[in-house]
Amino acid sequence: MKKYVLSLIAAASILVFAACGTSNEATESAADKDEVIVGLDDTFVPMGFQDDQGEIVGFDVDLAKAVFDLTGTKVTFQAIDWSMKETELDNGTIDMIWNGYTKTDARVKKVLFSDTYMENKQVLVTAKTSNITSFDDMKDKVLGAQEGSSGYDTFNNQPEVLKDIVADNDATLYASFNEAFIDLENGRIDGLLIDRVYAEYYLTQTGKTDDYNEIESPFEAEDFAVGVRKDDQGLADKINEGLKTLQENGTFAEISEKWFGEDVTPK
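Numbering (the working numbering), first residue to last: -17 to 249.
1) When you compare the CB positions of Val18 and Val57, do they come within less than 7 Å of one another, or not?
2) Grab me the residues of Lys85's own chain with a C-beta within less than 6 Å of its C-beta, minus the 5 sequence neighbours each way, in chain order.
3) Going residue by residue through the stretch 166 to 220, where are the continuous beta strand (DSSP E) segments of at least 3 residues, counting only ones entirely within it?
4) Return the first residue and the last residue of the beta strand (DSSP E) that Phe59 is part of.
5) Pick helix, strand or coil for Glu142, following the three-state DSSP scheme.
6) Which residue marks the beginning of the alpha helix (DSSP H) containing Thr233, and which one marks its end?
7) Below 7 Å CB to CB, which residues in the same chain sit around Ser116 once its five sequence neighbours on both sides are set aside?
8) Can the beta-carbon of Leu106 be found closer than 7 Å to that of Phe59?
9) Does the stretch 167 to 175 come into contact with the stretch 37 to 46, if we say contact requires no fewer than three beta-carbon pairs (one atom in each stretch) closer than 8 Å?
10) I need the boundaries of the beta strand (DSSP E) containing Val43, first residue and last residue.
11) On the DSSP bridge assignment, give the partners of Asn81 in chain order.
12) Could you check how far apart the C-beta atoms of Thr154 and Leu125 are, in whole angstroms? I think they sit under 8 Å.
13) Do Tyr194 and Ala109 have their beta-carbon atoms positioned less than 7 Å apart in this structure?
14) For Ile62 and Val20, what's the separation of their Cα atoms in angstroms?
15) With respect to the alpha helix (DSSP H) encompassing Val90, which residues constitute its N-terminal and C-terminal limits?
16) Using DSSP's beta-bridge definition, name the partner residues of Met100.
17) Looking only at its chain, what residues have a beta carbon closer than 7 Å to the beta carbon of Ser132, apart from the 5 residues adjacent to it on each side?
18) Report all residues from its chain with a CB closer than 7 Å to the CB of Leu228; omit the five preceding and five following residues, and keep chain order.
19) Measure the Cβ-Cβ separation of Thr25 and Asn160 and say whether it is below 7 Å.
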């Protein structure tokens, strides 16, 4: 009987220590790591994308590297399914989402956001040959959007703008904007709801600005911020401090000029 009781006590002790170990791992801040992992959609120009050599580059990539260089922290960039970004974060596959990630009320419930570092707007891109020059012209037309994007969330949250008038009262969804642009160019969709930063960069780089309309939307401006796990205030603070330093020493402006030809530092 004595041996049985001692065995129970030993087993209970093991469970307690195991539970404590699991808890400590779960609450450990990524701010204390020597290497952090950034999750991104590697087709989202110019924020984070693969160049012709297969290297991940972009505004957010340069900005993240600069922030963590301040503390000698290595940054690894990992391509993810954008529609599963919060799940990847929760599972610990990545430490943060940094890729033109819009701060929304729905996302605030799931992740902890850094300070805003850039503003963006949704625009409607249409071929000039389509004669679609306003949102109202999209009545009964086929709309495209990226799955899991803030644009598609806004499309659903403010249905009176587009959802109520487009064909089937929904959008054709794509894994990336690259795929969506291919369908737009081939007439399989009539309009594409897309981030302005992507649209302007893509059309400029491909020399197609004269072939497409970029129609301003009535949707409010969006805030780009970095998303970390809800319990990782330490990492959020580290990012915020880094962004502030880069803004003060001029590095933020230099990176902005490189990718946008202007300073997008928050005013």
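Beta carbons are placed, not taken as given, at the ideal position from N, Cα and C, and that holds for glycine.
Looking at the coordinates:
1) Here residue 18 refers to the residue found at position 36 when the sequence shown is read from its first residue. Here residue 57 refers to the residue found at position 75 when the sequence shown is read from its first residue. It is a contact, given that the beta carbons lie within the stated cut-off.
2) Walking along the sequence shown from the start, residue 85 turns up at place 103. Only Phe95, Asp205, Ala207 meet the Cβ criterion.
3) Runs found: 173 to 177, 194 to 198, 204 to 206.
4) The sequence position of residue 59 within the sequence shown is 77, counting from 1. Boundaries of the beta strand (DSSP E) around Phe59: 56 to 61.
5) Taking the sequence shown and counting its residues from 1, the one referred to as residue 142 is at position 160. Glu142: coil per DSSP, three-state reduction.
6) Locating residue 233 in the sequence shown gives position 251, where the first residue counts as 1. Per DSSP, the continuous alpha helix (DSSP H) segment holding Thr233 begins and ends at 233 to 242.
7) The count along the sequence shown starts at 1 and reaches residue 116 at position 134. Excluding five sequence positions before and after Ser116, the CB atoms of its chain that fall closer than 7 Å to its own CB belong to Ile197, given in chain order.
8) Residue mapping note: residue 106 aligns to position 124 of the sequence shown, counting from 1. Residue mapping note: residue 59 aligns to position 77 of the sequence shown, counting from 1. Contact: no.
9) Verdict: no, contact absent.
10) Indexing the sequence shown from 1 puts residue 43 at position 61. According to the DSSP assignment, Val43 belongs to no beta strand (DSSP E) but to the alpha helix (DSSP H) extending over 41 to 51.
11) Reading the sequence shown from its first residue, position 99 is the one you call residue 81. Per DSSP, Asn81 has no beta bridge partner at all.
12) Position 172 of the sequence shown, counted from the first residue, corresponds to residue 154. Position 143 of the sequence shown, counted from the first residue, corresponds to residue 125. Yes, they are in contact, since the Cβ atoms of Thr154 and Leu125 sit about 7 Å apart, within 8 Å.
13) Residue 109 sits at position 127 when you count from the first residue of the sequence shown. Residue 194 sits at position 212 when you count from the first residue of the sequence shown. A Cβ-Cβ contact shorter than 7 Å links Ala109 with Tyr194.
14) As a first step, residue 62 must be located in the sequence shown, where it is residue number 80. As a first step, residue 20 must be located in the sequence shown, where it is residue number 38. When rounded, the distance between both Cα atoms is 10 Å.
15) For this step, residue 90 is matched to residue 108 along the sequence shown. From DSSP, the alpha helix (DSSP H) with Val90 extends over 87 to 90.
16) Numbered from 1 along the sequence shown, position 118 holds the residue referred to as residue 100. Partner(s): Phe206.
17) Here the question's residue 132 lines up with position 150 in the sequence shown. For Ser132, same chain residues with a beta-carbon under 7 Å away, outside a window of 5 residues either side, are Thr84, Thr86, Glu204 in chain order.
18) As a working mapping, residue 228 is identified with position 246 in the sequence shown. Within the same chain, Leu228 has close Cβ partners Ala48, Val49, Phe234.
19) Here residue 25 refers to the residue found at position 43 when the sequence shown is read from its first residue. Here residue 160 refers to the residue found at position 178 when the sequence shown is read from its first residue. Taking 7 Å as the Cβ cut-off, Thr25 and Asn160 qualify as a contacting pair.
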